[in-house]
Amino acid sequence: MTSLHHFSGAAPRGPVRRAVVATAVVLCGVAGLAGCGKTITIGDAGAPAAPAASAPAAPPAASQPAGNTALQVVDRTAAQAGLTGNGGTVVGAAVQETPPRWVQLSAVTSPPVTAPHLININQAALYRFDPDSADPSQSHCNDACAVQWPAVTIQQGGNVYLAGVDRDQVGAIRRQDGQVQLTVGGMPVYRFAGDTKPGDLNGQGVGGTWFAVGPKGEKAGQ
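Shown next as structure tokens:
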């Protein structure tokens, strides 16, 4: 049994197990952040459901430019950037009351998924949902679905730190509830409320539609 490598530099929050680093961390040069990341804008998660015929027409969401504050994707881990803690992300079934200030995406391997797949700074496995789309990026998991499968969210203007993930694969969309959700390879990413410990992969294959997400947004191990 191999211990999961934790990239944040913070002390693990539970029993750490079953994972190894899948790919090398891309390190920044001595020049600091210049050239070490990219800026991404927050895309539209998709058109909302059509209103009832009797409802008055509402202004389109695209008319709110203030809601599209850019995020920064950084080619280093949070620890390498001098950060500790978890940015405000929660663990297991805990409800994410407010978006994290920053998020880290790390690629690992962990049985039974032997291909690289993503975890967050709390070492929680991240997933993709087959009914979602990558082009355009769109989430079809809302309301009750989002309670069981919470979206990986971040504050507007926040930083996304990486370990073994190509920065060009990372994007973001605005969900129906207004939250900003991260995407990888265009696919929205989620965690599973049924995963309570580091290394858990209880969401793998659920309903034949939920799978651990790989570093390019692919179904890990499929």
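The numbers in the numbering used here rise by one with no breaks, and the one at position 73 of the sequence shown is 73. The beta carbon of each residue, even a glycine, is placed where N, CA and C say it ideally should be.
Environment of residue i [buried if 16+ CB atoms lie within 10 Å]
i: Gly82; result: exposed
i: Thr69; result: exposed
i: Thr98; result: exposed
i: Ala163; result: buried
i: Ala144; result: exposed
i: Pro100; result: buried
i: Gly87; result: buried
i: Thr84; result: exposed
i: Gly37; result: buried
i: Asp130; result: exposed
i: Lys219; result: buried
i: Gly208; result: exposed
i: Asp177; result: exposed
i: Gly157; result: exposed
i: Pro112; result: exposed
i: Asp195; result: buried
Proximity of residue i and residue j at Cβ, strictly below 7 Å
i: Gly186; j: Ser137; result: yes
i: Val95; j: Val160; result: no
i: Ile42; j: Ala146; result: no
i: Gln123; j: Ala193; result: no
i: Asp132; j: Pro198; result: no
i: Val180; j: Ile154; result: yes
i: Ala107; j: Val152; result: no
i: Val73; j: Val170; result: yes
For residue i, the three-state DSSP class (helix, strand or coil)
i: Gly171; result: strand
i: Gln204; result: coil
i: Gln148; result: helix
i: Val103; result: strand
i: His117; result: strand
i: Arg76; result: coil
i: Phe129; result: strand
i: Gln155; result: coil
i: Thr109; result: strand
i: Ile42; result: coil
i: Leu71; result: strand
i: Ser137; result: strand
i: Lys197; result: coil
Chain B within 7 Å of residue i, Cβ atoms only
i: Ala124; result: As a matter of chain content, chain B is missing from the structure shown, which is built from one protein chain.
Integer Cβ distance of residue i from residue j, believed to fall under 8 Å
i: Ala78; j: Ile121; result: 7 Å
i: Ala125; j: Asp200; result: 6 Å
i: Arg191; j: Tyr127; result: 7 Å
Residue i beta carbon near the ligand SAH (any heavy atom closer than 6 Å)
i: Ile119; result: Summarising the ligand content, the structure contains no ligands, and the ligand SAH is consequently not present.
Problem - Three CB pairs or more closer than 8 Å across the stretch 208 to 216 and the stretch 102 to 122 - result: The answer is yes - the stretch 102 to 122 touches the stretch 208 to 216, with three or more Cβ pairs under 8 Å.
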